[in-house]
Amino acid sequence: MMEEGTGEPVIAYSQKTRNLKSTQPLHSESGYWRPKPDGTIEVVIAQSTGLVEVQKGTYDMKEGVVKLKRELVGNASKVKEISRVFKVENCELSYVVEMATSLIGLQPHLKASLKKV
315 MMEEGTGEPV
325 IAYSQKTRNL
335 KSTQPLHSES
345 GYWRPKPDGT
355 IEVVIAQSTG
365 LVEVQKGTYD
375 MKEGVVKLKR
385 ELVGNASKVK
395 EISRVFKVEN
405 CELSYVVEMA
415 TSLIGLQPHL
425 KASLKKV
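Remember, our numbering sits 314 above the position in the sequence shown when you count from 1.
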């Protein structure tokens, strides 16, 4: 998606997760990704919990990897750090989200692998 008026690339992003057994909704988030020609990327995400994130990172088209680190986390007094790594390999998209709180250091929080069907 191209942002109107600026000509800069902007990717609209959304994600929803469900419990595999009950199919009940677990989590949803949406936002925008702004890749830059120099291999850096800026991401803003709003979660259904009210937490908002501003992240910056890098992408490598040859390696198929996007790495993001927290710049700002809002509306979440306990969350201190969030990082995300997305990778595309063999037609499979995988990601890992790590989170740290005021009580626990950075550790895996979410992960998934999505296969093209």
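Heads up, the beta-carbon is just placed ideally off N, CA and C, and yes, glycines get one too. The structure presented is a predicted model; accordingly, all values stated were derived computationally and were not measured.
Helix, strand or coil at residue i according to DSSP, with G and I counted as helix
i, result
"residue 338", "coil"
"residue 365", "coil"
"residue 375", "coil"
Between the CA atoms of residue j and residue i - distance to the nearest angstrom
i, j, result
"residue 357", "residue 422", "20 Å"
"residue 339", "residue 376", "34 Å"
"residue 331", "residue 407", "15 Å"
Proximity winner among the options, relative to residue i (alpha-carbon distances)
i, options, result
"residue 396", "418, 404 and 329", "418"
"residue 348", "378, 414, 382 and 339", "382"
Beta-carbon spacing of residue i, residue j below 7 Å
i, j, result
"residue 389", "residue 371", "no"
"residue 426", "residue 420", "no"
"residue 350", "residue 379", "no"
Own chain residues within Cβ distance below 8 Å of residue i, not counting five before or after
i, result
"residue 346", "324, 325, 326, 327, 357 and 358"
"residue 405", "429 and 430"
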